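*Asks:* Let me begin by handing over the structure; questions about it come next.
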Amino acid sequence: MRKIAGLFVLLALLALAACGGTEDTPSPVVTSPAVSPSPTETPTPTDVLTTTPTATIEPTPTQTPEPSPTQQPTPTPQRTAAAEAYLGVVNDLIDQYGKPVLIEEDYGMSLAGVGFVRLIDFDRDGAFELYIAYESNDNGFCDRQVAYAYRNGKLVNILPECRVSNRGNDVSPWTVLVFKKDVVYLVDTLEGAYDYRRLKGDVFESVMTYDEGWFDEDVLLNGEVVTWDKVKQAVEEIEQGGEKTQDAFFGEATQKMLDRTNAVIALLESGKTS
């Protein structure tokens, strides 16, 4: 019995030990030094992702470059038949009498060679005729004249070669023209006698003549003796509304006259008559 009681006591002691019946000395708490929290960094504006909508950029369409064409030489313009024919006349005369030239003398400037070349629509039909004054005998100034038209595919001589006008009884050659709306008069003059001519068809016809009476002292209008006032009135009437040009070839020629001749020749070479 005593052995059984002792066994019970031993078991009871073991049970108390197992259930923590004995109080353990608490272990000291080791406190870690407090770590201050890192301050929250406020992001700079550049760090903040904005939500501003970005404009949609349409892609630029790629343009396929056009192939560069091979540059062709500028073709020489084809001359009109009239220009070709007129240029042939001019060149033939130049071969005979020389290129247009301005000669300086003690008495002034003179136009020589094939010095005076003009395209004039004498009858105002829209087609230009060719008028030329040229030097014929190496005298240093233009003394002859000729004119051509181009009709129905043919060159027509509308003024056969003849002397140019001469306004005095000395050496004073010139060409006188009166340009009006419906006609251009070629005025022939010689020692005080005047003849206004207009182109009719393929020839120049006389429209009005007058004579200042240098030799017989009679003033004539279309062959009749009249007063000088009557002549002046007739001249005013026929020239009214027109522009009169008087180009002198001896002692009074100008650079402008020569320049215009060269310009007309260049126009013909380009294939044009106007």
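Under our numbering, the first residue of the sequence shown carries the number 17, and numbering increases by one thereafter.
Where a beta carbon is used, it is the ideal one built from N, C-alpha and C, also for glycine.
It should be emphasised that the depicted structure is a prediction, and the values quoted were computed from it without experimental measurement.
1) Quick check on DSSP: helix, strand or coil for W230?
2) Roughly how many angstroms separate the alpha carbons of D111 and V105, rounded to a whole number?
3) Confirm, please, whether the CB-CB distance from Y201 to R213 is below 9 Å.
4) Using alpha carbons as the reference points, say which of Q271, F266, T225 and L193 lies closest to A250.
5) If F266 and P189 are in contact, beta carbons under 8 Å, what's the gap, nearest whole angstrom?
6) Grab me the residues of L146's own chain with a C-beta within less than 7 Å of its C-beta, minus the 5 sequence neighbours each way, in chain order.
7) Taking the DSSP output, what are the residues bridged to R213?
8) Using DSSP's beta-bridge definition, name the partner residues of L193.
9) Considering only residues of the same chain and omitting the five flanking positions on each side of A264, which have a CB-CB separation below 6 Å?
10) Give the straight-line distance between the Cα atoms of I148 and F231, rounded to the nearest whole angstrom.
11) Which runs of the beta strand (DSSP E), 3 residues or longer, sit entirely within the stretch 94 to 182?
12) Report back the beta-carbon spacing between F195 and E259 to the nearest angstrom; my notes put them in contact at under 8 Å.
13) Alpha carbon to alpha carbon, what distance is there between Y113 and E151?
14) Within 10 angstroms of its Cβ, does T243 collect 16 or more other Cβ (buried), or is it exposed?
15) Quick one: give me the first and last residue of the alpha helix (DSSP H) that N278 is part of.
16) At the level of alpha carbons, what is the spacing between D245 and F220?
*Replies:* Let me spell this out:
1) coil
2) 10 Å
3) yes
4) T225
5) 5 Å
6) Y102, V105, L135, A163 and Y164
7) L202 and S222
8) L202 and T261
9) W190
10) 31 Å
11) 117 to 121, 124 to 128, 132 to 136, 145 to 150, 160 to 167 and 170 to 179
12) 5 Å
13) 6 Å
14) exposed
15) Q271 to E285
16) 27 Å
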